[in-house]
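Down below is the structure, laid out as structure tokens.
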Amino acid sequence: DVKVTQSSRYLVKRTGEKVFLECVQDMDHENMFWYRQDPGLGLRLIYFSYDVKMKEKGDIPEGYSVSREKKERFSLILESASTNQTSMYLCASSFMQNGNQPQHFGDGTRLSIL
Amino acid sequence: QKEVEQDPGPLSVPEGAIVSLNCTYSNSAFQYFMWYRQYSRKGPELLMYTYSSGNKEDGRFTAQVDKSSKYISLFIRDSQPSDSATYLCAIIYFNKFYFGSGTKLNVKP
């Protein structure tokens, strides 16, 4: 089974802090993704990566950055946390093959910014 | 127009009922369709992955694609309280992923 592991299930931080969310997958997937999920807004793509050291902006990249130094690890960084970044953050991964392989998700990090 | 639309519900049914969850999509070129199940405070879990038209069955779950109507459905037979979750439909198109907003299902014992 595919395993996508997010480092924290729950996290509480203060405004202005730099926050790191970590994600590791064990299936040698090329693609990795970061989403946030908010009630009534569904899943919104923040950033994605097709390869090591490669990143592409999603629909809502403002206030976030990412890092992919190794194939299995994709990090989301909140440069200066703000209260409107309180949300559920979901990491996902998928194979690149033919561009039509499903994503597999981690269990999410529920982040609260106070 | 959004690429995929899904009724948010909530949908409440008695145990043992047949459940029908539905999505519509906008682009007739879409061919790969998925259903995810998401329990409260967990990540989405891949339930069904189908290609093109027709039905795919897995135990009590059947995924159906009607390309002429641009309509995808998930049927759950003999629904159980453990099926209570949010169900998201999704479409992949050349590494672009489109998700429905999710339908919340409650199966009452």
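Residue numbers (the working numbering), protein chains in the order written: chain V, 15 to 128; chain Z, 979 to 1087.
We treat Cβ as the ideally placed atom computed from N, Cα and C, and that holds for glycine.
As the structure is a prediction and not an experimental result, all values here were calculated from the model.
- For a cut-off of 8 angstroms, the C-beta gap from Z/G1021 to V/D121 is around 4 angstroms, short enough to register as a contact.
- The beta carbon of V/F119 sits closer than 8 angstroms to the beta carbons of V18, L104, C105, A106 from its chain, once the five residues preceding and following it are set aside; these are given in chain order.
- Counted as a single uninterrupted DSSP element, the stretch harbouring V/N98 is not any beta strand (DSSP E), since DSSP gives it neither H nor E.
- For Z/K1020, the chain V residues whose Cβ falls inside 8 angstroms of its Cβ are D121, G122, in order along the chain.
- The shortest CA-to-CA distance from V/R28 to any of V/D40, V/M110, V/Y64, V/Q99 is the one to V/Q99.
- Secondary-structure assignment with DSSP links V/L57 through a beta bridge to V/Q51.
- Residues of chain V with a Cβ closer than 7 angstroms to the Cβ of Z/L1024 are, in chain order, P116, H118.
- Taken through DSSP and simplified to helix, strand or coil, V/Q111 comes out as helix.
- One Cα belongs to Z/Y1014, the other to V/D52, and the distance between them is close to 17 angstroms.
- Taking the beta carbon of V/N98 as reference, no residue of chain Z falls within 9 angstroms; the closest one sits roughly 20 angstroms away.
- In the structure shown, Z/D1056 falls within a coil segment according to DSSP collapsed to helix, strand and coil.
- Taking the Cβ atoms as the reference, V/S63 lies roughly 16 angstroms from V/R50, outside the contact range of under 8 angstroms.
- Contact annotation: the stretch 985 to 1004 of chain Z does not touch the stretch 88 to 102 of chain V, with fewer than three C-beta pairs closer than 8 angstroms.
- Per DSSP, Z/I996 lies in no beta strand (DSSP E) and is assigned neither H nor E.
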